[in-house]
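Each residue of the sequence shown is one higher than the one before, counting from 5 in our numbering.
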Amino acid sequence: MQVGITGFPRSGKTTVFQALAPGVSPGRDVTFGNIKVPDPRVDNLADHYSPKKTTYAEITFVDIAGNPGATEAKALEAKTIAAMRNVDALVHVVRGYEDPMGMRDINIARDVADFNAELILADFEVVEKRVDRLRRENAKTVERNVLERALEALENETPLRELEFTEDELKAMSGYSLVSLRPVITLFNLGEDEWGDDAYAQWRNPAPPEGAGQAAMSLCGQLEMELADLDEDEQAEFLEVLELEEPARLAFIRKAYELTDLISFLTAGPDECRAWTVRRGSPAPVAAGKIHTDLQRGFIRAEVLGWDHWVEHGSEAAAKAAGDYRVEGKSYIVQDGDILNIRSGV
Ligand SMILES: Nc1nc2c(ncn2[C@@H]2O[C@H](COP(=O)(O)OP(=O)(O)OP(=O)(O)O)[C@@H](O)[C@H]2O)c(=O)[nH]1
Ligand SMILES: [Mg+2]
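Shown next, in the form of structure tokens:
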């Protein structure tokens, strides 16, 4: 999964990036930071199999360097919008600390509204142009239908993520990489003073946003960045002092999976224990294709051990003996935590 970290200039994007992807130093243009998704299920399997290799699912965070010459503190830069087109989900970092440049006051509600308006405007420009053309050509296609519906929503200031689309419609629109279609996690980035200030309580514990495809959470970017740099023992101490339960990074990962409707399935054996990411509702051959396209093409069946059964029986053999090691066909919908063994004829 690729997650783009976006927001207005100097809202703390790079700081948040360093909190989410510890150990990656941001470059001058676009920086990618890969993190392993902590997964106790993978650890559990690795304990059992002692495999040669243990592999966690990954999330790639993308940070776009701001333009140091930017004088307009509000507008999103063209390159920021361009970068949003290639990711699975957006993080909108909202500044909730005093602007070190002193250009703008803290106004979280305004920044959230402005950001949404910018995404809608960016999509509007793309969709309007295309719809004009399809109308002139008198096209009678799925693309025209769906883009006209999208245009109407955008005119009414509704982001496209709030609409429902069929697979075919999404396909017809995919070439335009519309940004308001992307799910968004709004991240209220509070300063240390603001974190403890009751006036900011509604942002520190944000209500779930209305409308599909959105989630919200808060963090203190600066502290989280410092926290991410510490070793495990120091982290535990730091968390206790700050009265935090866990690093914001972990809460963020859970939210991102939920929001993008992704689940993990597992493969296990003496060579490798590994977590894989797949969209919820995917049939077994699609999951097989994540491992290797050949496994999807030649898919015969999937041997499935559900996570609860694994925990209950503690070994493949015991699960088999109990009849809980199932053989499933092409239409089986993969469940979160399934341990899969794909049989393929290619
Ligand atoms: N007090 C406080 N300052 C912060 C926090 N997060 C970021 N800052 C400061 O705000 C300034 C901008 O932070 P960056 O992380 O560089 O912001 P950015 O959005 O990446 O900026 P551009 O890439 O230039 O658009 C820096 O001086 C940070 O130290 C925070 O949580 N608390
Ligand atoms: Mg930056």
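Yeah, the Cβ is synthetic: ideal placement off N, Cα and C, and Gly gets one too.
Review point. Is there at least one non-hydrogen atom of ligand 2 closer than 7 Å to the beta-carbon of threonine 18?
Key: Start at 1 with the first residue of the sequence shown, and residue 18 comes out as number 14. Checking every heavy atom of ligand 2 against the Cβ of threonine 18, one is found closer than 7 Å.
Checklist line | contact_flag[the region 310-323, the region 235-251] where n(CB pairs < 8 Å) is 3 or more | finding: no
Within the same chain, show all residues whose beta-carbon is closer than 7 Å to that of tryptophan 199, passing over the 5 residues directly before and after it, in chain order.
As a position in the sequence shown, residue 199 is number 195, starting the count at 1. Result list for tryptophan 199: Arg208 and Cys224, in chain order.
Answer yes or no: does any C-beta atom of chain B fall closer than 8 Å to that of asparagine 160? Here there is only one protein chain, and chain B is not present.
(message) Measuring only the C-alpha atoms, how far is valine 95 from proline 30?
(response) Within the sequence shown, residue 95 is the residue found at index 91, counting from 1. Within the sequence shown, residue 30 is the residue found at index 26, counting from 1. For valine 95 and proline 30, the distance between alpha carbons rounds to 17 Å.
Task: Cβ neighbour criterion (16 or more within 10 Å) applied to isoleucine 337 - done: Along the sequence shown, one-based indexing puts residue 337 at 333. Exposed.
- Query: What is the rounded straight-line gap between the Cα of aspartate 265 and the Cα of methionine 107?
  - Reply: Sequence index remark: in the sequence shown, residue 265 carries index 261 (1-based). Sequence index remark: in the sequence shown, residue 107 carries index 103 (1-based). Computed Cα separation, rounded: 38 Å.
Looking only at its own chain, which residues have a Cβ that is under 6 Å from the Cβ of leucine 185, when we skip the five neighbours before and after it? Residue numbering aside, residue 185 sits at position 181 when the sequence shown is read from its first letter. Leu164 and Arg165.
Check: What residue range is occupied by the uninterrupted beta strand (DSSP E) comprising alanine 306?
Finding: To locate residue 306, count along the sequence shown from 1; it is residue 302. Segment 303-309, the beta strand (DSSP E) holding alanine 306.
Point to revise | Neighbourhood of alanine 292 by C-beta, 6 Å cutoff - its chain only, sequence neighbours within 5 removed | key: Within the sequence shown, the letter at position 288 stands for residue 292. Cβ within range, chain order: Leu299, Gln300, Phe303 and Ile346.
Check: By how many angstroms is the C-alpha of leucine 182 removed from the C-alpha of leucine 263?
Finding: As a first step, residue 263 is located in the sequence shown; it is residue number 259 there, counting from the start. As a first step, residue 182 is located in the sequence shown; it is residue number 178 there, counting from the start. Computed Cα separation, rounded: 18 Å.
- Message: Closest to alanine 288 by C-alpha separation, out of Leu309, Tyr329, Glu250 and Gly333, would be which residue?
- Response: Residue mapping note: residue 288 aligns to position 284 of the sequence shown, counting from 1. Among Leu309, Tyr329, Glu250 and Gly333, the Cα nearest to that of alanine 288 belongs to Gly333.
* Grab the span of the alpha helix (DSSP H) containing leucine 164 for me, first residue to last. => Sequence index remark: in the sequence shown, residue 164 carries index 160 (1-based). First-last for leucine 164: undefined, no H or E at that position.
Checklist entry - Quick one: complete beta strand (DSSP E) runs, 3+ long, within the region 110-152? => result none
Quiz item: Less than 8 Å separating the beta-carbons of leucine 227 and leucine 254?
Solution: Along the sequence shown, read from residue 1 onward, the residue named residue 227 stands at position 223. Along the sequence shown, read from residue 1 onward, the residue named residue 254 stands at position 250. No, these two residues do not count as a Cβ contact at 8 Å.
Only counting the same chain, and skipping five residues up and downstream in sequence, which positions put a Cβ closer than 7 Å to that of asparagine 120? Here the question's residue 120 lines up with position 116 in the sequence shown. Correct list, in chain order: Pro163.
Should alanine 69 be counted as a contact of ligand 2 given a C-beta to heavy atom distance under 7 Å?
Position 65 of the sequence shown, counted from the first residue, corresponds to residue 69. Alanine 69: yes, Cβ under 7 Å from ligand 2.
Just to confirm the assignment, what range does the alpha helix (DSSP H) spanning methionine 177 have?
Against the sequence shown, residue 177 aligns to sequence position 173. Counting along the chain, the alpha helix (DSSP H) containing methionine 177 begins and ends at 171-177.
Can you give me the C-alpha to C-alpha distance between alanine 232 and serine 222, rounded to a whole angstrom?
Residue mapping note: residue 232 aligns to position 228 of the sequence shown, counting from 1. Residue mapping note: residue 222 aligns to position 218 of the sequence shown, counting from 1. Alanine 232 and serine 222: Cα-Cα distance of roughly 16 Å.
Are the Cβ atoms of valine 46 and isoleucine 9 separated by less than 8 Å?
-> On the sequence shown, position 42 is the one that residue 46 refers to. On the sequence shown, position 5 is the one that residue 9 refers to. Cβ distance not < 8 Å, so valine 46 and isoleucine 9 don't count as in contact.
Secondary structure, beta strand (DSSP E): runs of 3+ residues fully inside the region 272-347 | 276-283, 303-309 and 330-332
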